[in-house]
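Trainee: Got a structure for you, written out below as structure tokens; questions coming shortly.
Numbering (the working numbering), first residue to last: 2 to 132.
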């Protein structure tokens, strides 16, 4: 194998690993946010949506009390992302902002803010799994 080919293979492997780490981080952040979303009817938990390189379009996703369908829907979006893209995750529930800022006793610290404080640790865990 030539040196040039070895370098090309290494660059290709690193890029794949970076894309996997990027998507893994985004998916774990989404999972934690969804899991921390307070549940009564499942409306707020089901209202999480995602898009790559632009804000998600408004819609009315179905209620989702356990979050599995919501996470699967978001995972499908995240799977299309690569390093350099921006992944947007938003909640379409009218009261999502109130939930984030303490309206619910189930998540008084919010969902997004708490998860973002963990982002560096999450990234470390994702990278460790890829090694």
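Positions of the beta carbon are idealized from the N, C-alpha and C atoms, including for glycine.
Just so we're clear, the structure is a prediction, and the values are computed from it rather than from any experiment.
Pull up the DSSP beta-bridge partners for residue 86, would you.
Mentor: 84
Trainee: Rounding to the nearest angstrom, what Cα-Cα distance links residue 59 and residue 6 in this structure?
Mentor: Distance between the alpha carbons of residue 59 and residue 6: 46 Å.
Trainee: Please work out which residues of its chain come closer than 7 Å, Cβ to Cβ, to residue 57, disregarding the five sequence neighbours upstream and downstream, and give them in chain order.
Mentor: 50, 51, 89, 91
Trainee: What is the rounded straight-line gap between the Cα of residue 97 and the Cα of residue 131?
Mentor: 34 Å
Trainee: Starting from the C-beta of residue 26, find all residues in its chain whose C-beta is less than 7 Å away, skip the five residues before and the five after it, and write them out in chain order.
Mentor: So the qualifying residues of the chain are 123, 124, 127.
Trainee: So the alpha helix (DSSP H) residue 78 belongs to, where does it begin and stop?
Mentor: That run of the alpha helix (DSSP H) goes 69-79.
Trainee: Have a look at 43, 32, 106 and flag the residue whose alpha-carbon is nearest the alpha-carbon of residue 93.
Mentor: 43
Trainee: Determine the extent of the beta strand (DSSP E) in which residue 40 is found, giving its start and end residues.
Mentor: Per DSSP, residue 40 belongs to no beta strand (DSSP E) and is neither H nor E.
Trainee: Determine whether the beta carbon atoms of residue 75 and residue 31 lie at a separation below 8 Å.
Mentor: With contacts defined as CB atoms closer than 8 Å, residue 75 and residue 31 qualify as a contacting pair.
Trainee: Is it true that the segment 79-86 meets the segment 102-116, where meeting means three or more beta-carbon pairs spaced less than 8 Å apart?
Mentor: no
Trainee: Suppose the cutoff is 7 Å on Cβ atoms and the five residues either side in sequence are ignored; what does the same chain contact list for residue 24 look like?
Mentor: Only 79, 80, 82 meet the Cβ criterion.
Trainee: Can you list, in chain order, the residues of its chain with a C-beta nearer than 6 Å to that of residue 63? Leave out the 5 residues immediately preceding and following it.
Mentor: 47
Trainee: Using a threshold of 8 Å, state whether the C-beta atoms of residue 20 and residue 54 are closer than that.
Mentor: no
Trainee: Starting from the C-beta of residue 66, find all residues in its chain whose C-beta is less than 7 Å away, skip the five residues before and the five after it, and write them out in chain order.
Mentor: Answer for residue 66: 40, 43, 46, listed in chain order.
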